[in-house]
Structures are given as C-alpha cells and as structure tokens.
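Notes follow the structure.
In my numbering, the protein residues as written are 130 to 481.
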C-alpha cells in the first residue's frame with residue numbers, strides 16, 4: 130500500500146526549515162557530507178530528488194525516501210513527483226535559484242524510475258547516484274530531528290547558491306557603442322549556443338514589447354518536439370515568429386529542418402540567427418531554399434555581427450538600458466547560470 134504526503138504540511142515544513150538555515154545546528158557528519166556532495170554537483174535532478182525525499186520523510190515518517198513513484202516495490206512508496214512539482218518547485222521560486230529553478234524536474238530521466246537506485250546502470254553519474262542513494266538511505270533510519278536538520282542543511286546550501294547569483298546594476302540609459310561592445314564580447318563564448326539565444330531573445334523582447342517571448346536551450350525544440358525554435362514570439366496564444374540560433378556555421382540541413390518545423394508549427398515567420406556564418410560553399414544552396422522552399426513562410430537569415438549595431442540602435446537608449454538584465458534573466462530561465470553570472474559581471478563592467 131502506498132503512502133501519501135500532505136502538501137499543506139510539506140509547505141509548512143519547508144517554511145520552518147527555511148527559518149532555521151541561520152542556526153548552528155547541523156545534521157550528523159556523514160549525512161551532512163553526502164548532502165553537500167549532491168547539492169554542490171551539477172546534476173540538477175539529483176538535487177530535487179534529495180530535497181523531496183527528505184521533505185517527504187519529515188512530513189510522513191512512513192514514506193521511503195528513495196521512492197519516486199507509488200508503483201515502487203519499496204515499502205512506503207509515494208508520489209514524489211507530485212510533491213516536488215506542487216510544493217518544492219513553488220517554494221524555490223519564492224526564494225531564488227536554490228537547486229536549478231527547474232519547472233518540472235521529475236520529467237528528467239534520473240527521476241523516471243519507480244525509485245532511486247544508486248546501482249541503476251541507466252544513470253550516467255554513477256558515483257553521485259550512489260552518494261544520493263546513501264543520503265536517502267541514511268534518512269530512513271534517522272531520528273525526526275536529524276531528518277529536519279538534513280532538510281534545513283539542504284535549504285541552507287541552496288540559499289548560498291542563490292546568493293551567489295550576480296545582479297545587473299540599474300541604469301537609466303545605455304550608450305549604443307557600449308551595448309554593441311558588450312554583446313560582441315559576450316558572444317566570444319558559446320555555452321552550447323545558449324548565449325546567442327539569450328542575446329537574440331532579449332533583443333526580440335525589447336523590439337516586441339507587447340509580445341510574450343519564450344527562450345529555450347539550444348536543441349530543446351528537437352529534444353522534446355514541443356517548440357518551433359530557440360526563441361518564440363507569441364501574441365496571446367498565437368505563435369507569430371520563431372528563430373533558430375546557431376553559434377556554429379549554418380548548413381543546408383539546418384535550414385531544411387528549420388523550415389520543416391515552421392511548417393509543422395504553422396508559424397508565419399522563421400529566422401536563422403547566426404554568429405559563425407554559413408558553411409563554406411553552401412551559401413547559394415541555402416539562399417535557394419530560403420527563396421523557393423519556404424512554403425509561404427517568411428524566412429530570414431540574420432548575421433548577428435552584420436546587423437548588431439542596427440538592431441541595438443533600433444532599441445533607443447531607454448530600452449538598451451534594460452538589455453543586460455533581460456538577457457541575464459533569460460539565461461537563468463534556460464538554467465545557464467554560469468553564463469548568466471558572467472553576463473551580469475561583464476554588463477556591470479562595460480556599461481558606465
């Protein structure tokens with residue numbers, strides 16, 4: 130028989146633990162060590178499994194902290210995904226980037242199993258998976274006070290992470306040359322293409338102030354087949370434009386694939402935004418595809434270096450002043466926290 134966790138009590142438990150993060154009390158040494166290893170690692174889903182397991186165990190001592198689904202064979206199985214998505218995610222959003230600011234952390238592969246098992250060969254980071262397993266097993270036998278101290282320590286470490294986020298300084302206006310210089314410097318590194326998505330997303334939002342602009346990590350559209358491009362522009366529920374951002378040379382297959390997604394999504398405008406040009410020798414072929422193969426869709430190839438000054442000039446000084454904070458916000462939305470922090474530092478240094 131599966132167990133349940135009262136969401137209202139879980140919310141109160143998180144609030145209570147948050148109030149104690151400044152206290153000197155700590156969980157037992159081994160528990161503390163394992164928690165710190167998991168929280169300091171880069172595997173975001175493992176962090177959410179950890180905090181959800183500790184929270185569930187504190188609220189209902191009968192649950193098994195390693196269980197992820199009610200179908201688990203572990204005694205004390207419960208629905209960890211619902212607890213995480215309906216309680217932990219909302220709590221984190223109210224406090225900052227504690228664990229990765231994921232909207233649905235349990236849809237990721239490490240959380241799609243009936244329970245967490247450190248020996249599961251499908252988990253890529255085997256050593257960290259085993260440490261998470263051990264941390265969740267420790268809490269099974271811990272006193273309720275130690276469980277609470279473990280939960281408090283998880284939130285304490287998350288608060289330190291959130292406090293490390295760099296802030297963009299406020300400015301009333303931004304000089305054209307400085308903003309152009311900032312973008313050119315920032316795009317010297319790609320971060321998997323996310324930096325160009327952040328730049329283009331911010332430019333698009335500032336040039337389309339009444340629209341809702343959504344940004345997605347590069348390749349997310351292909352991975353989940355739910356989005357038309359890296360940057361999407363909505364007016365109400367209507368998708369009016371999508372863009373594919375490439376920080377590597379664009380090729381014929383990229384263009385054909387992008388146009389295919391545009392047709393499938395019924396988007397009337399599709400842009401290819403480049404920072405590394407077009408594969409040598411494919412320029413004419415791509416131009417021909419854009420001209421003849423768009424199926425009534427407006428298609429544009431935009432070279433960010435060629436068009437950057439014009440785009441920034443179109444913003445005006447007041448809208449340019451918002452560019453840095455908006456770009457950093459979009460990078461954090463994509464969970465590109467290192468690039469977001471570096472972007473904030475560079476903006477603060479560049480814009481006088």
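Think of the CB as a built atom: it goes at the ideal place given N, C-alpha and C, for glycine as much as any other residue.
Practice item. Determine the closest residue to residue 165 out of 306, 356, 310, 180, with distance taken between C-alpha atoms. Key: Answer by Cα proximity: 180.
Practice item. Compute the Euclidean distance between the alpha carbons of residue 187 and residue 280, then round it to the nearest angstrom. Key: Pairing residue 187 with residue 280, the inter-Cα distance amounts to about 8 Å.
Practice item. Indicate the three-state DSSP secondary structure (helix, strand or coil) for residue 149 in the structure shown. Key: Reduced to three states, the DSSP call for residue 149 is coil.
Point to revise | Minimum length 4: unbroken alpha helix (DSSP H) runs contained in the region 131-217 | key: Whole alpha helix (DSSP H) segments, 4+ residues: 136-148, 158-169, 173-188, 209-212.
Check your understanding: Is it true that the region 320-327 meets the region 371-381, where meeting means three or more beta-carbon pairs spaced less than 8 Å apart?
Key -> Remark: three or more beta-carbon pairs, one from each stretch, lie closer than 8 Å, so the region 320-327 and the region 371-381 are flagged as touching.
Point to revise | Secondary structure of residue 445, DSSP reduced to three states | key: Coil, per DSSP.
Review point. Who pairs with residue 371 in a beta bridge, going by DSSP?
Key: The partner list for residue 371 (beta bridge, DSSP) reads 361, 399.
Exercise for review: Could you have a look at residue 431 and say whether DSSP puts it in helix, strand or coil?
Suggested key: Under the three-state reduction of DSSP, residue 431 is assigned to strand.
Exercise for review: Measure from the alpha carbon of residue 209 to the alpha carbon of each residue in 220, 203, 178, 162, then state which is nearest.
Suggested key: Considering only alpha carbons, the answer is 178.
Practice item. Under 8 Å by Cβ, that's how I've got residue 390 and residue 357 pegged, so tell me the actual separation to the nearest angstrom. Key: With 8 Å as the limit, residue 390 and residue 357 qualify as a contact, their Cβ atoms being about 5 Å apart.
Practice item. Give me the Cα-Cα distance between residue 185 and residue 335, rounded to the nearest whole angstrom. Key: For residue 185 and residue 335, the gap between their C-alpha atoms comes out near 43 Å.
Exercise for review: Inspect the CB distances between the region 297-317 and the region 470-478 and report whether three or more fall short of 8 Å.
Suggested key: Because the criterion of three Cβ pairs below 8 Å is met, the region 297-317 and the region 470-478 touch.
Practice item. Report yes if the C-beta distance between residue 227 and residue 233 is below 8 Å; otherwise report no. Key: For the 8 Å CB-CB criterion, residue 227 and residue 233 do not form a contact.
Practice item. Pull up the DSSP beta-bridge partners for residue 379, would you. Key: Paired residues: 407.
Review point. Going straight from the alpha carbon of residue 286 to that of residue 136, what length do you get?
Key: The straight-line gap from Cα to Cα measures roughly 23 Å.
Practice item. Locate the beta strand (DSSP E) running through residue 344, then write down its first and last residues. Key: DSSP places residue 344 in the uninterrupted beta strand (DSSP E) bounded by 341-344.
Check your understanding: At what residues does the alpha helix (DSSP H) containing residue 459 begin and finish?
Key -> 452-462 is the extent of the alpha helix (DSSP H) around residue 459.
Check your understanding: Do residue 245 and residue 284 have their C-beta atoms within less than 8 Å of each other?
Key -> Result no, Cβ atoms of residue 245 and residue 284 do not sit closer than 8 Å.
Review point. Looking at the structure shown, is residue 473 part of a helix, part of a strand, or coil, going by DSSP?
Key: DSSP places residue 473 in helix when its eight states are reduced to three.
Check your understanding: What do you get for residue 163, buried or exposed, if any count of 16 or more other CB atoms within 10 angstroms of its CB means buried?
Key -> Result: buried.
Practice item. Identify which residue in 452, 400, 201 has its Cα closest to the Cα of residue 388. Key: With distances taken between CA atoms, residue 388 lies nearest to 400 out of 452, 400, 201.
Review point. Cβ of residue 318 less than 8 Å from any chain C Cβ?
Key: This model lacks chain C altogether, as it is built from one protein chain only.
Practice item. Return the Cβ separation of residue 132 and residue 206 in integer angstroms, given the expectation that the two are a contact with Cβ distance under 8 Å. Key: Rounded, the Cβ-Cβ distance is 7 Å, consistent with contact.
Review point. Beta-carbon separation of residue 480 and residue 315 under 8 Å?
Key: No, the Cβ-Cβ distance between residue 480 and residue 315 is not below 8 Å.
Check your understanding: Between the region 338-348 and the region 451-465, do three or more beta carbon pairs fall short of 8 Å?
Key -> Because the criterion of three Cβ pairs below 8 Å is met, the region 338-348 and the region 451-465 touch.
**Study point:** Segment contact flag, the region 248-265 with the region 140-147, C-beta cutoff 8 Å, min 3 pairs
**Key:** The answer is no - the region 140-147 does not touch the region 248-265, with fewer than three Cβ pairs under 8 Å.
Exercise for review: Please work out which residues of its chain come closer than 8 Å, Cβ to Cβ, to residue 173, disregarding the five sequence neighbours upstream and downstream, and give them in chain order.
Suggested key: So the qualifying residues of the chain are 228, 229, 231, 234, 237, 464.
Check your understanding: From residue 274 to residue 139, what distance separates their C-alpha atoms?
Key -> Their backbone Cα atoms lie some 15 Å apart in a straight line.
**Study point:** DSSP-derived helix/strand/coil call for residue 467
**Key:** Correct three-state label for residue 467: helix.
**Study point:** Contacts around residue 411, its chain only, beta-carbon distance under 7 Å, and the 5 residues preceding and following it disregarded
**Key:** Cβ neighbours of residue 411 beyond the five flanking positions: 380, 381.
Exercise for review: Let me know the alpha helix (DSSP H) ranges lying completely inside the region 229-273, each 4 residues or longer, listed in chain order.
Suggested key: Taken in chain order, the unbroken stretches of alpha helix (DSSP H) that lie wholly in the region 229-273 and span 4 residues or more are 255-270.
Point to revise | 8 Å Cβ cutoff met for residue 267 and residue 167 | key: Taking a C-beta distance under 8 Å as the contact criterion, residue 267 and residue 167 do not qualify as a contact pair.
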